[in-house]
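Take a look at the structure set out below.
Numbering (my numbering), first residue to last: 324 to 602.
Laid out in structure tokens, this is it:
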């Protein structure tokens, strides 16, 4: 089955106009919302602000950061912390949160509306499991950061996979996991994330990882469709601070451009630099 994201990446390669993938929510909060964060708990207002950002930057992808949504939803709904607290098992809090119907309903409304309103392939972006575990446990129990085991990571993959099923039937193109800097991207890591990968494949979503300076990328060709990284084996060209400072970049041979748009960047510089990529 065709996939809009992978097709767009391939088409960009064919015509020598690589797709531009931007991580720009913080920048959008400054430029589109006058310094206020994106309103994740108000689907109508969020979709309007998101659409303005997409229209301004004209990227090739529409990323939706589910970690940012969960953070904002929990901050706006602190009463549920009592349901997440009081258990010794470090992963209990995130399991409880991901199983709640209320946040699933809100984020499905957001994603459903975005699928109808934006023209770019939509990608769901998730923090890595260990970060989610520690964040939720700290919020629920005021706990210190814990060492996360492979069993914890594997178990939370099951909870996330079930959470992702809330988006079944929507026009989603991909899922990306944000791994810690220096992570090894290999068969062992992918086994821990296999429930998420299986859901993505079931719904014909592309699956990818985002990681800075990975210690290795190996044995992943049959599983990972996209690697957003500064590693030589990645299939995208990461645009670093030099690009925003002086416009220097290298055109990717087999993929796309990926860049974080810092909130402090001047809007005219951002538009000027992006124009050079499309020239």
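Backbone N, C-alpha and C fix where the C-beta goes; we use that ideal spot for every residue, glycine too.
Every value quoted in this text rests on a predicted model; they were computed, and no experiment measured them.
The C-beta distance from residue 505 to residue 537 rounds to 7 Å, short enough to meet the 8 Å contact threshold. Contact check for residue 342 and residue 579: beta-carbon distance about 4 Å, within the 8 Å limit, so the pair qualifies.
If you compare the alpha carbons of 474, 439, 479, 447 with that of residue 456, the shortest gap goes to 479. For residue 344, the secondary structure class from DSSP, reduced to helix, strand or coil, is strand. Proximity to residue 492 across 566, 432, 510, 464 peaks at 432, based on C-alpha coordinates. With contact defined as three or more Cβ pairs closer than 8 Å, the segment 451-468 and the segment 427-442 are not in contact. Taking every protein chain shown into account, the CB of residue 358 has fewer than 16 other CB atoms within 10 angstroms, so this residue is exposed.
Residues of the same chain with a CB within less than 7 Å of the CB of residue 399, apart from the 5 flanking positions on each side, are 364 in chain order. Annotated as distal: residue 472 and residue 510, with beta-carbon spacing of 9 Å or more. The three-state reading of DSSP puts residue 361 in coil, since its state is none of H, G, I, E or B.
Measuring C-alpha to C-alpha distances from residue 391 to each of 334, 403, 450 identifies 450 as the nearest.
The C-beta of residue 412 has fewer than 16 other C-beta atoms within 10 Å across all chains shown, which makes the residue exposed. Here residue 463 is near residue 419, since their CB atoms are less than 9 Å apart. Bridge pairing for residue 388: 448 [DSSP].
Taking C-alpha positions only, residue 513 is separated from residue 374 by approximately 33 Å. With contact defined as three or more Cβ pairs closer than 8 Å, the segment 440-454 and the segment 372-389 are in contact. Taking a 10 Å sphere around the C-beta of residue 453, we find 16 or more other C-beta atoms and assign the residue as buried.
Between the alpha carbons of residue 469 and residue 595 lies a gap of roughly 44 Å.
Between residue 550 and residue 531 a beta carbon distance of about 6 Å is seen, short of the 8 Å cut, so the two are scored as contacting. Taking C-alpha positions only, residue 416 is separated from residue 598 by approximately 44 Å. When DSSP states are grouped into helix, strand and coil, residue 507 belongs to the strand group. For the pair residue 548 and residue 535, the CB atoms are not nearer than the 9 Å cut-off. In the three-state DSSP reduction, residue 502 falls in the coil class, being neither helix nor strand.
Counting only residues of its own chain and dropping the five nearest sequence neighbours on each side, residue 348 has a CB closer than 7 Å to the CB of 361, 388, 391.
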